[in-house]
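Here the protein sequences line up with chains A and B, keeping their order. For the first sequence, our numbering gives the first residue as 1, with consecutive numbering after it. For the second sequence, our numbering gives the first residue as 1, with consecutive numbering after it. No residue lacks a Cβ here, since even glycine has one placed at the ideal position from N, Cα and C. Keep in mind it's a predicted model, so treat the numbers as computed, not measured. Okay, so here's the structure we're looking at.
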Amino acid sequence: MSDQEGARPVIAVAMGDPSGISPELTARILAEPDLRGAANFVVFGDKRLLDLGITDSGVDPDVEVVADGAPLPAFAGRPIFVDLANHDPADLKRATPTLAGGRAATDNFRRALRFAHAGHADAVFFTPFNKAAMRFAYQGYDDEIRFVRDAIGFEGPASEFNVLDKLWNARVTSHIPLSEVANNITQERILRALALADTNLRAAGFEPPRIAVAGLNPHCGDGGNFGRDEIETIEPAVKAAKAKGFTVEGPFPSDTVFLRARNGDFDAVLTMFHDQGQIAMKLMGFDRGVTLIGGFPFPICTPAHGTAYEIAGQGIANLGATRAALSLAIKMAGDISQRRAAA
Amino acid sequence: MSAEVILPALPLALTQGDPAGIGPELTLRAWLERAERTLPAFAYIGSGDHLARTADKLGWKVPLRNCDWAEAAGVFPEALPVIPLEDASGAEPGRPDPATAAGTIASIDRAVDAVRQGKAAAVVTNPIAKSVLYQAGFRHPGHTEYLAHLAAEGGVEPRPVMMLWSEELAVVPVTIHEPLRRVPELLTTELIVETGRIVALELKERFGIAAPRLAISGLNPHAGENGAMGDEDQAIVAPAIAALQAEGIDARGPYPADTMFHARARAGYDAALAMYHDQALIPIKTIAFDDGVNVTLGLPFIRTSPDHGTAFDIAGKGIARPDSLCAALKLAARMAASS
């Protein structure tokens, strides 16, 4: 290993759902020269599915294949592919969620997470999963956060962030019924979400991150006419956060706060609930969005889009979000590996 | 919906709105830009003196001419037609004053009278400030409710429905100015059906869409994901869609609100129904920040307005953009021509 290669962050890559575009995205992204030059990759998957992606896309990332359980070689300029041999090609069904696909994807993800948790990688990246397939293989699969908690036994606060170019969206509540949102908006939760956002934004290079906080009600409650959550909870939380030194403003009406952020007034918007952020973020860049799962000891990144079954195997998938997701993982991993070196 | 300009035979009735807000200067600017924006003829119902003072202060040369409705369309190419009201001489830009409330309300009354008497094609309203009207004893919840009150026949008020419209997206919030925590309890199957019915009817009668297609959002994230995140989408929204379909209306959903507004999805419907205010306002503001229009459906006449407020903080400076007012004027004319 050259000194230069030793200084690069290590990214654990998990291959996603085999029935969609994940095999071809994995093959193509690992072949990108600038990303290969910026990090070392250890990929977890079934080599036969990578070969499928190579055939689909016509791009060969030239990986170094290692059998599962064999010692990992030193990095020598090629991605290391740990062949878990966990998906029989006979089970492959395009454009259909399958138990076999879910098993392979959960296995790949768990192995990548544990590899990073053991200190061998600085970040985890994965190509898209299919939720139905994940549920076939893993009862009670809600979202990635719960899976990660189970896989590495970590109980601290964690959250999903949506990233579009340089604009981030963090949320106080996520996958819960709308009727439960208001009662889950507390000063404590807002402050916790702000702190988590601040930490992750800093790891991605924002110094200091400028965070806008959205209101909960129409027009931020219009001075109390359409709800008092802003007056009683959100405004005091913003004030407390300012006192703690966060660069934060708000609450702002949620129908225009993203436009201000897009114009460069803020680096991130903290929304109170799922659709408040997702509607605007997906409208502003459906094809480029990145999902970051932050709060664990290492960042976990993936493209925000899904498995795109309708175009699986055609080699026409847009690589933009995948590239943005892996770039963010590398950027944040670099920050982590530097801090580790300094410690 | 094509962007083709269709002009109705009658002028549009444009209210003054709060004279301390940006309504007067937007009106002046719209008239000045009438040619490049291909605006339909409109007449301003308000104080010509106040309008003249506003123009003078801004250094804008706008000829004003007091006239009646029959003359307005003929006057419009040469001068801004004014249907004169009592002088709102107290009005100063940026300084709302309850003393001007009577004039603000009278302007609305006159506009409704004109359309109901067949002298004007549609009502286009400049923004008002409810708090100013309340201080003067106004007892209606807002602009739209007041118009419904004026439209009452035999003591029965029509149920107005707010639609936000742009060339790219038309969206209707089923609940509007309500605290978010109250939305789930206010949302009923009946409310969604009533709203959908009015939207479908108006798209047919005033937008010239023969078989309107409605897309209905879910209330919960991912439209509840089969009940995993709230049961309202199955228990309340889905039955409403079935009921609308049973009436022969092409209604579909419930769709996850975060994926139903991008361009490809929008191509599949003529109007979206959203379950709460921000679910409708976030997409329309994101897609059409400057030229969104607020349309009131369900009234016996056409009413549009810009989707912004009085903007007292910038009133009188001449920097407010007339895009939304101009879009409201053009849409009102188009609806009048399609009706």
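Residue i and residue j look like a contact to me (Cβ under 8 angstroms); what is the Cβ gap, rounded to whole Å?
{"i": "Ile-11 (chain A)", "j": "Ile-330 (chain A)", "result": "6 angstroms"}
{"i": "Val-199 (chain B)", "j": "Leu-187 (chain B)", "result": "The Cβ separation is near 16 angstroms, so there is no contact."}
{"i": "Ala-360 (chain A)", "j": "Gly-264 (chain A)", "result": "Residue 360 (chain A) is absent from the model: chain A starts at 1 and stops at 343."}
{"i": "Val-132 (chain B)", "j": "Asp-18 (chain B)", "result": "6 angstroms"}
{"i": "Val-269 (chain A)", "j": "Ala-212 (chain A)", "result": "5 angstroms"}
{"i": "Leu-299 (chain B)", "j": "Ala-148 (chain B)", "result": "7 angstroms"}
{"i": "Pro-8 (chain B)", "j": "Ala-337 (chain B)", "result": "5 angstroms"}
{"i": "Arg-197 (chain B)", "j": "Met-335 (chain B)", "result": "Incorrect: roughly 18 angstroms between the Cβ atoms, too far for contact."}
{"i": "Thr-106 (chain A)", "j": "Ala-85 (chain A)", "result": "That belief does not hold up - the Cβ atoms of Thr-106 (chain A) and Ala-85 (chain A) are roughly 15 angstroms apart, past 8 angstroms."}
{"i": "Ile-80 (chain A)", "j": "Val-42 (chain A)", "result": "5 angstroms"}
{"i": "Ser-305 (chain B)", "j": "Ala-328 (chain B)", "result": "6 angstroms"}
{"i": "Glu-194 (chain B)", "j": "Arg-159 (chain B)", "result": "7 angstroms"}
How would you call residue i, buried or exposed, if buried means at least 16 neighbouring beta carbons within 10 angstroms?
{"i": "Ala-320 (chain B)", "result": "buried"}
{"i": "Pro-63 (chain B)", "result": "exposed"}
{"i": "Ser-217 (chain B)", "result": "buried"}
{"i": "Asn-184 (chain A)", "result": "exposed"}
{"i": "Lys-239 (chain A)", "result": "exposed"}
{"i": "Asp-17 (chain A)", "result": "buried"}
{"i": "Ser-2 (chain A)", "result": "Here the model assigns Ser-2 (chain A) a pLDDT of 47, short of 50, so the residue's position is not dependable, and the following value carries that caveat. Exposed, by the Cβ-count rule."}
{"i": "His-143 (chain B)", "result": "buried"}
{"i": "Gly-248 (chain B)", "result": "exposed"}
{"i": "Asp-62 (chain A)", "result": "exposed"}
{"i": "Glu-230 (chain A)", "result": "buried"}
{"i": "Arg-323 (chain A)", "result": "buried"}
{"i": "Asp-34 (chain A)", "result": "exposed"}
{"i": "Arg-139 (chain B)", "result": "exposed"}
{"i": "Gly-397 (chain A)", "result": "Because chain A is modelled from 1 through 343, residue 397 (chain A) falls outside the range shown and cannot be assessed."}
{"i": "Gln-117 (chain B)", "result": "exposed"}
{"i": "Leu-281 (chain B)", "result": "buried"}
{"i": "Leu-325 (chain B)", "result": "buried"}
{"i": "Pro-236 (chain A)", "result": "exposed"}
{"i": "Asn-66 (chain B)", "result": "exposed"}
{"i": "Leu-72 (chain A)", "result": "exposed"}
{"i": "Thr-296 (chain B)", "result": "buried"}
{"i": "Ala-333 (chain B)", "result": "buried"}
{"i": "Ala-3 (chain B)", "result": "Unreliable placement is indicated for Ala-3 (chain B), whose pLDDT of 45 sits below 50; no coordinate value is reported for it."}
{"i": "Ala-41 (chain B)", "result": "buried"}
{"i": "Ser-19 (chain A)", "result": "buried"}
With residue i as the anchor, note down where its beta strand (DSSP E) starts and where it stops.
{"i": "Asp-384 (chain B)", "result": "Residue 384 (chain B) falls outside the range modelled here, since chain B spans only 1 to 339, and no answer is possible."}
{"i": "Thr-199 (chain A)", "result": "Note, Thr-199 (chain A): premise wrong, no beta strand (DSSP E); alpha helix (DSSP H) at 187 to 203."}
{"i": "Leu-273 (chain B)", "result": "271 to 274"}
{"i": "Asn-184 (chain A)", "result": "Here Asn-184 (chain A) belongs to no beta strand (DSSP E); instead the alpha helix (DSSP H) covers 181 to 184."}
{"i": "Ser-217 (chain B)", "result": "213 to 217"}
{"i": "Trp-168 (chain A)", "result": "167 to 171"}
{"i": "Arg-303 (chain B)", "result": "303 to 306"}
{"i": "Ala-12 (chain A)", "result": "10 to 14"}
{"i": "Asp-292 (chain A)", "result": "For the sequence presented, residue 292 (chain A) should be read as Leu rather than Asp. Note, Leu-292 (chain A): beta strand (DSSP E), 290 to 294."}
{"i": "Glu-207 (chain A)", "result": "Taken as a continuous stretch (DSSP letters only), Glu-207 (chain A) belongs to no beta strand (DSSP E), as it is neither H nor E."}
{"i": "Asp-275 (chain A)", "result": "Careful: Asp-275 (chain A) lies outside any beta strand (DSSP E), inside the alpha helix (DSSP H) at 274 to 284."}
{"i": "Thr-296 (chain B)", "result": "293 to 297"}
{"i": "Glu-310 (chain A)", "result": "Where Glu-310 (chain A) is concerned, there is no enclosing beta strand (DSSP E), given that its DSSP letter is neither H nor E."}
{"i": "Pro-254 (chain B)", "result": "250 to 255"}
{"i": "Pro-303 (chain A)", "result": "300 to 303"}
If you follow the alpha helix (DSSP H) that residue i is part of, which residue opens it and which one closes it?
{"i": "Leu-270 (chain A)", "result": "Segment 268 to 271 is the beta strand (DSSP E) holding Leu-270 (chain A); no alpha helix (DSSP H) there."}
{"i": "Asp-60 (chain A)", "result": "Here Asp-60 (chain A) belongs to no alpha helix (DSSP H), and DSSP marks it neither H nor E."}
{"i": "Ala-280 (chain B)", "result": "277 to 287"}
{"i": "Phe-109 (chain A)", "result": "99 to 117"}
{"i": "Ala-244 (chain B)", "result": "Per the sequence shown, residue 244 (chain B) should be read as Leu rather than Ala. Note, Leu-244 (chain B): alpha helix (DSSP H), 238 to 246."}
{"i": "Leu-35 (chain A)", "result": "33 to 38"}
{"i": "Ile-145 (chain A)", "result": "144 to 152"}
{"i": "Pro-251 (chain A)", "result": "First-last for Pro-251 (chain A): 248 to 252, but that is the beta strand (DSSP E), not the alpha helix (DSSP H)."}
{"i": "Leu-349 (chain B)", "result": "Given a span of 1 to 339 for chain B in the structure shown, any question on residue 349 (chain B) remains unanswerable."}
{"i": "Ser-22 (chain A)", "result": "22 to 30"}
{"i": "Phe-258 (chain A)", "result": "257 to 262"}
{"i": "Ala-263 (chain B)", "result": "263 to 266"}
Does any C-beta atom of chain E lie closer than 8 angstroms to the C-beta of residue i?
{"i": "Met-163 (chain B)", "result": "In the displayed structure, chain E is absent; the protein chains listed are A and B."}
Is the beta carbon of residue i within less than 7 angstroms of some heavy atom of the ligand NAP?
{"i": "Val-269 (chain A)", "result": "Ligands displayed in this structure: none; no statement on the ligand NAP is therefore possible."}
To test your reading of the DSSP string, which unbroken alpha helix (DSSP H) runs of 4 or more residues are found completely within the segment 117 to 200 of chain B? 130 to 135, 143 to 150 and 183 to 186
Would the segment 153 to 171 of chain B and the segment 34 to 48 of chain B be scored as touching if the rule is three or more Cβ pairs under 8 angstroms? no
Taking contact to mean 3 or more Cβ pairs, one atom from each stretch, closer than 8 angstroms, check whether the segment 278 to 291 of chain A and the segment 160 to 167 of chain A are in contact. yes
Kindly confirm or deny that the segment 302 to 319 of chain A and the segment 22 to 32 of chain A touch, where touching means at least three C-beta pairs closer than 8 angstroms. yes
Please give the ranges of any alpha helix (DSSP H) in the segment 35 to 116 of chain B, keeping only runs that are unbroken, at least 4 residues long and fully inside the region. 48 to 58, 69 to 75 and 101 to 116
Any 3 or more C-beta pairs closer than 8 angstroms across the segment 276 to 295 of chain B and the segment 225 to 235 of chain B: no
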